[in-house]
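Peer 1: Mapped onto our numbering, the consecutive letters of the sequence shown carry residue numbers 384 to 691.
The following block contains the structure, expressed as structure tokens.
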Amino acid sequence: MQVAVMRHLVNLLDLAVDDVQEILNRSAELKREVKSGTRRPILAGRILGQLFEKPSLRTRVSFEAAMCQLGGSGIFLSAADAGLNGRESIADVARVVTSYCDVIVLRTFSHQLIEDFAKYGQCAIVNGLSDVSHPCQALADMLTMQEAFGTVAGKRLAYVGDGNNVAVSLAEACAMLGVSFVCGAPQGYQLPQEILDDLTRRYPKAELEQTDDPRAAVQGADVVYTDVWASMGQEAEKEKRAKVFADFQVNAELMKHAGKQARFLHCLPARRGLEVTDEVMEGPACLAFEQAENRMHLAKGLFVWQLT
Ligand code: CP
Ligand code: NVA
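Now the structure itself:
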């Protein structure tokens, strides 16, 4: 008997480029369908479980809405309610909860916790953000770029800000899909060089750069992207980081350096007045709300890829 391979999304790099393309195509197709008024119950009776250690608006709601639109239903538990704070072992929680559900989305501090669920569990697992990566965000970002430009290959994305979980997943998605990626971050807050070297080994045609000059980073970019300077769990560093990153704010002047073609993306939540100004968020280049909506369409494409 052939055992079906479980389709997890724990690390983007575990997926083949064809899988990524298939998820994006499915997502775009399901988006077109829902916009024309059709909601097919492709996943009728399927159950999504969500276990979160950190707050969330987009991830939590878009995944649950996605499953409901596809005819399934969702259950949400804080990680503490689920017993992940030491009530029982992670392996036992994973074995039990994955026996009730078809897919589990986890949002965690430790990336290892998501890996452990994939190891001990018996259903599909999705990384809904860890301290290391945010793959579903990067896929929704690629979907947003695909819509804006028709294709992503050959475009240039400048990420300006902290070399964090969002930046790691973006670099990975760009390397996989032929998007030229540049990270503009202060020294000490750039992406670990090993990550970029590993991406270049895996995808020899990938174009990946880093600089500590935000103006040089955005020059000629099709997309200027930023995220918060202090991620969840780094609240104590907020003030220090506000000073370190002060020159890395995405404002009208920085967007001028990018050029007229440049669009603006932000995974949200945005700290207006810090990493981005109101003017950019409300300006014509901003696609952040289309991007946020695309989290749901991407979640649908992902679930259909994982469960059918
Ligand atoms: N972009 C994102 O993941 O948003 P939430 O933290 O609100 O889920
Ligand atoms: N880097 C941010 C992303 C939030 C969606 C964080 O981890 O808090």
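Using N, Cα and C, we set each Cβ at its ideal position, and we do this for glycine too.
Keep in mind that this is a model prediction, so the values were computed, not measured.
I'd like the list of long-range same chain contacts for D595, defined as Cβ closer than 6 Å, with 5 residues on each side in sequence excluded.
Peer 2: Only P569, Q570 meet the Cβ criterion.
Peer 1: Rounded to whole angstroms, what's the CA-CA distance from S513 to L685? Just pull it up for me.
Peer 2: S513 and L685: Cα-Cα distance of roughly 18 Å.
Peer 1: With a threshold of 8 Å, establish whether the CB of H494 neighbours any heavy atom of the ligand NVA.
Peer 2: It does not: the Cβ of H494 is nowhere closer than 8 Å to a heavy atom of the ligand NVA.
Peer 1: What do you get for K683, buried or exposed, if any count of 16 or more other CB atoms within 10 angstroms of its CB means buried?
Peer 2: That one is buried.
Peer 1: Under the criterion of a Cβ to heavy atom distance below 8 Å, does D630 qualify as lining the ligand NVA?
Peer 2: It does not: the Cβ of D630 is nowhere closer than 8 Å to a heavy atom of the ligand NVA.
Peer 1: How close, in whole Å, do the beta carbons of L670 and L648 come, if the pair is a contact with beta carbons under 8 Å?
Peer 2: Yes, they are in contact, since the Cβ atoms of L670 and L648 sit about 6 Å apart, within 8 Å.
Peer 1: Roughly how many angstroms lie between the CA atoms of I458 and R598, to the nearest whole one?
Peer 2: Answer to the nearest angstrom: the Cα atoms are 45 Å apart.
Peer 1: Who are the near neighbours of P575 in its chain, counting only those whose CB is closer than 8 Å to its CB and skipping five residues on each side?
Peer 2: Closer than 8 Å at Cβ, skipping near neighbours: G546.
Peer 1: Considering only C-alpha positions, which residue in the set T691, D401, V417 is nearest to N677?
Peer 2: Residue V417 is the option with its Cα nearest to N677.
Peer 1: Write down every uninterrupted run of the beta strand (DSSP E) in the segment 541 to 590 whose length is 3 residues or greater and which is fully enclosed by it, in chain order.
Peer 2: You should have 563 to 567.
Peer 1: Can you tell me which residues form a DSSP beta bridge with L489?
Peer 2: Per DSSP, L434, N510.
Peer 1: Is it buried or exposed, N468, if we count other Cβ atoms within 10 angstroms and call 16 or more buried?
Peer 2: So N468 ends up on the exposed side.
Peer 1: Decide if the segment 551 to 570 is in contact with the segment 513 to 533; the criterion is three or more beta carbon pairs, one per stretch, under 8 Å apart.
Peer 2: Result yes; three or more Cβ-Cβ pairs closer than 8 Å.
Peer 1: Kindly indicate which residue of E658, Q495, A635, A604 has the alpha-carbon position closest to the one of E622.
Peer 2: E622 has its Cα closest to that of E658, out of E658, Q495, A635, A604.
Peer 1: Using CA coordinates, which residue listed in L434, L392, Q617 is at the minimum distance from V476?
Peer 2: Selected option, being the one with the closest Cα: L434.
Peer 1: Between the C-alpha atoms of N510 and L651, what's the straight-line distance to the nearest angstrom?
Peer 2: Cα to Cα, the separation comes out at about 17 Å.
Peer 1: Going by the CB atoms, is the gap between V601 and G544 shorter than 9 Å?
Peer 2: Going by C-beta atoms, G544 is not nearer than 9 Å to V601.
Peer 1: Are N548 and S614 closer than 9 Å when you measure CB to CB?
Peer 2: A contact, by the Cβ cut-off of 9 Å.
Peer 1: Looking only at its own chain, which residues have a Cβ that is under 6 Å from the Cβ of V388, when we skip the five neighbours before and after it?
Peer 2: Contacts found: none.
Peer 1: Within 8 Å, do at least three Cβ pairs link the segment 441 to 452 to the segment 390 to 404?
Peer 2: The segment 390 to 404, when compared against the segment 441 to 452, does not touch it at the 8 Å Cβ threshold.
Peer 1: Within the same chain, show all residues whose beta-carbon is closer than 7 Å to that of V663, passing over the 5 residues directly before and after it, in chain order.
Peer 2: Answer for V663: V633, N634, A635, M638, F647, C669, listed in chain order.
Peer 1: Which residue's Cα is closest to the Cα of S516: E498, G504, F628?
Peer 2: Looking at the Cα atoms, E498 is the closest of the given residues.
Peer 1: Taking only runs of the beta strand (DSSP E) that begin and end inside the segment 452 to 481, which ones reach a length of at least 3 residues, in chain order?
Peer 2: With a minimum length of 3 residues, the continuous beta strand (DSSP E) runs that stay inside the segment 452 to 481 are 456 to 461.
Peer 1: Just how far apart, CA to CA, sit K643 and Y542?
Peer 2: Rounded to the nearest angstrom, the two C-alpha atoms are 17 Å apart.
Peer 1: Give the single residue among A604, T691, R490 whose Cα lies nearest to the Cα of A463.
Peer 2: Cα-wise, what sits closest to A463 is R490.
Peer 1: Using the Cα positions of G455 and I425, report the straight-line distance between them to the nearest angstrom.
Peer 2: Going by the C-alpha atoms only, they are around 8 Å apart.
Peer 1: Checking 9 Å against the spacing of the C-beta atoms, do P674 and T527 come in under that value?
Peer 2: Note that residue 674 is Gln in the sequence shown, not Pro. Yes.
Peer 1: In whole angstroms, what separates the C-alpha of G603 from that of V480?
Peer 2: Approximately 48 Å, taken between the alpha carbons.
Peer 1: Closest to T421 by CA distance: which of E577, S493, L413 is it?
Peer 2: Among E577, S493, L413, the Cα nearest to that of T421 belongs to L413.
Peer 1: Going by beta-carbon coordinates alone, are C451 and S482 separated by less than 9 Å?
Peer 2: No. Outside cutoff.
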